[in-house]
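> According to the numbering used here, the stretch in the sequence shown is residues 1421 to 1713, in order.
Take this structure first; my questions come after.
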Amino acid sequence: VITSKRKLAQLVNEGKVSGWDDPRMPTIVGLRRRGYTPESLQLFAERIGVTKSDSWIDYSTLEGCLRETLENTAHRGMAVLDPVKLVLTNWAEVFGSDGYVEECTLPALPHDDSAAPRHFKIGNAVWIEREDFAEVPPKGYKRLFPGNVVRLKGGYVVECTGCAKDAQGQITEVHAKVIPGTKSGTPGADSVKAKAAITWVGVADGVRAEVRLYERLFKDEHPDAGGKDFLQALNPESLHIVDAIVEPSLAQAAPDQKFQFERHGYFVADRADHAPGKPVFNRAVGLKDSWGK
């Protein structure tokens, strides 16, 4: 990244970023809006030490410090970033009505029993990630495909039966049957062995949210070294905005509150745009370093 104030000002003045507090900027206000905490910056400073000579510090060092500080403090939650509907076709047969919903719970902090658990609902339809279904699964695939059994995390075990498509062949719904007596936390939860557990959000209580997936601002590790034009190194994929669906606990977040979206990474409720009824989350950092992969 670059730290020259003149060059950062050029990014702002030419509209390459949204402002000095753009979450991709290496400014204090930008880092704060991205979700970086004082503790993570202090840990970073301790790790890199002090030197009088010029040096390059791998950006993953900074990201690793944030992961460490959020691991035991960021409440968990489920969010579906690329949603497709999973319909439980035998729900009414098992529970007596398609309108019946059941409450599910999961820990907010897995290693802290004092934290109040999250509550959310499961009904005859839930949202899942589109990548969690494969009509023809590749080798080693353990999620939803016809005939396979998986657990909806915190909910029931289900058996996939197929899918529905539109005229263009796009999958519009995934179909499955709920297996009675397998709800997480009940005596029969382990009666059916599932090969995988997938995240989901209930149609009954899921909330639409704007999720901003930030990547590194530059695609070059040394964007202005050796007299290079740093503007040519800007990453055109540094921001991707998706229309996601989040569980109710996330929709109730306060601005600047940090979370771990299970499987997706650490996110923060945007301090400028997040509001009641209009949740907006920024990705702070992924669960692991994927730069260059």
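Every residue gets a Cβ at the ideal spot worked out from N, C-alpha and C, and that includes glycine.
For clarity, every value in this text was computed on a predicted model and none was experimentally measured.
Less than 8 Å between the beta carbons of Trp1620 and Met1498, yes or no?
yes
> Which complete beta strand (DSSP E) runs does the stretch 1501-1552 hold, if anything under 3 residues is left out?
1503-1508, 1522-1526, 1538-1542, 1545-1549
> Note down the Cα distance separating Phe1701 from Ala1695, rounded to an integer number of angstroms.
For Phe1701 and Ala1695, the distance between alpha carbons rounds to 10 Å.
> With burial defined as no fewer than 16 other Cβ atoms inside 10 Å of the residue's Cβ, what is the status of Arg1453: buried or exposed?
buried
> Taking the alpha carbon of Val1500 as the point to measure from, which residue in Leu1633, Val1470, Glu1549 has its own alpha carbon closest?
Glu1549
> Would Asp1663 and Arg1632 be called neighbours here (beta carbons separated by less than 8 Å)?
no
> So, do the stretch 1603-1613 and the stretch 1575-1583 have three or more beta carbon pairs nearer to each other than 8 Å?
yes
> Between Phe1681, Gly1560, Asp1693, Lys1698, which has its C-alpha nearest Thr1493's C-alpha?
Phe1681
> Arg1563 and Ile1599 - do their beta-carbons sit closer together than 8 Å?
Cβ atoms of Ile1599 and Arg1563: not closer than 8 Å.
> Could you check the C-alpha separation between Asn1510 and Ala1596 for me, to the nearest Å?
Spanning the two alpha carbons is a distance of roughly 8 Å.
> Return the CA-CA distance between Gly1455 and Gly1516, expressed in angstroms with no decimal places.
45 Å
> Quick one: which unbroken beta strand (DSSP E) runs of 3-plus residues sit fully inside the stretch 1429-1501? Chain order, please.
1495-1497
> Note down the Cα distance separating Lys1713 from Val1546, rounded to an integer number of angstroms.
A caution first: Lys1713 carries a pLDDT of 49, below 50, which makes its placement in the model unreliable, though a value can still be read off. Approximately 32 Å between the Cα atoms of the pair.
> What does the Cβ neighbour count give for Val1556, buried or exposed, with the cut at 16 atoms within 10 Å?
exposed
> Please give me, in chain order, every unbroken run of the beta strand (DSSP E) with length at least 3 that falls completely inside the stretch 1601-1644.
1627-1634
> Give me the DSSP bridge partner(s) of Tyr1686.
Gln1680, Val1705
> Using only the alpha-carbon positions, how far apart do Lys1425 and Leu1659 sit?
Roughly 22 Å separates the two Cα atoms.
> Within 10 angstroms of its Cβ, does Glu1522 collect 16 or more other Cβ (buried), or is it exposed?
exposed
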